[in-house]
Amino acid sequence: MTPVQLWLVAAIVLFILEVITPGFVLANFGVAALAAGVVAWAGGGEIAQVMTFCIVCLLSFVTIRPFLQKTIFREGRRARTGTDALIGRMAKVSEDIPSAPDTGRVLIDGDDWRAMSLNGGAIHAGAVVRIVRVDSTTVIVSEQ
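In the working numbering, the protein residues as written are 256 to 399.
Written out as structure tokens, the structure reads:
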């Protein structure tokens with residue numbers, strides 16, 4: 256196997272492994288291996304290939320990785336899941352919610368949840384409420 260083929264195989268393997276492991280670490284090595292493969296294809300010697308690999312790897316860690324982490328893992332772009340996804344949603348009161356600390360029931364997309372009023376007042380069945388927060392298995396709601 257020629258040096259060009261070795262560098263290209265290494266780059267492909269590193270890119271595939273990057274898909275499996277998050278963090279943009281192996282992708283930097285993959286970019287460097289690809290650059291070293293180009294140097295090998297252009298006729299550069301082993302020292303030139305290794306130096307290219309090291310320099311490109313260092314540069315990609317300093318430039319590409321921080322950019323990708325800032326872009327991909329931006330806080331505002333994370334999907335809300337689990338009970339966090341309920342906050343801000345609308346629900347219909349299925350069973351009267353009496354004054355606090357007692358609880359009633361609400362329907363959220365057909366799922367029945369125990370609910371408590373945010374301001375402590377009673378909310379009657381049929382009312383539409385907004386979910387303010389979730390405490391364990393109880394949603395805290397405010398009337399619309």
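No residue lacks a Cβ here, since even glycine has one placed at the ideal position from N, Cα and C.
What you are looking at is a predicted structure, and each value in this text was computed from that prediction instead of being measured.
Residue from the options with nearest C-alpha to residue i
i, options, result
"L261", "G292, G300 and M345", "G292"
"N374", "D366, A355 and D367", "A355"
"P321", "A282, D366, I395 and C309", "A282"
"G381", "M345, D357, I395 and V389", "M345"
"G359", "S372, V305 and V268", "S372"
"I310", "V383, G343 and L289", "L289"
"I319", "I363, V280 and E350", "V280"
"W296", "V394, H379 and V259", "V259"
Rounded separation between residue i and residue j - CA only
i, j, result
"L313", "A340", "40 Å"
"I386", "V361", "10 Å"
"A264", "T336", "Sequence check: residue 264 is Val here, not Ala. Distance between the alpha carbons of V264 and T336 is about 38 Å."
"R388", "K325", "29 Å"
"E273", "V348", "47 Å"
"P277", "V268", "15 Å"
"T392", "G343", "16 Å"
"W368", "V317", "49 Å"
Under the three-state DSSP convention, the category residue i falls into
i, result
"A382", "coil"
"A288", "helix"
"M256", "coil"
"V280", "coil"
"G337", "helix"
"S372", "strand"
"A346", "strand"
"A295", "helix"
Environment of residue i [buried if 16+ CB atoms lie within 10 Å]
i, result
"I302", "exposed"
"G285", "buried"
"S397", "exposed"
"V294", "buried"
"T307", "buried"
"I327", "exposed"
"Q399", "exposed"
Bridge-paired residues (DSSP) for residue i
i, result
"V389", "V394"
"L362", "K347 and D367"
"I352", "I378"
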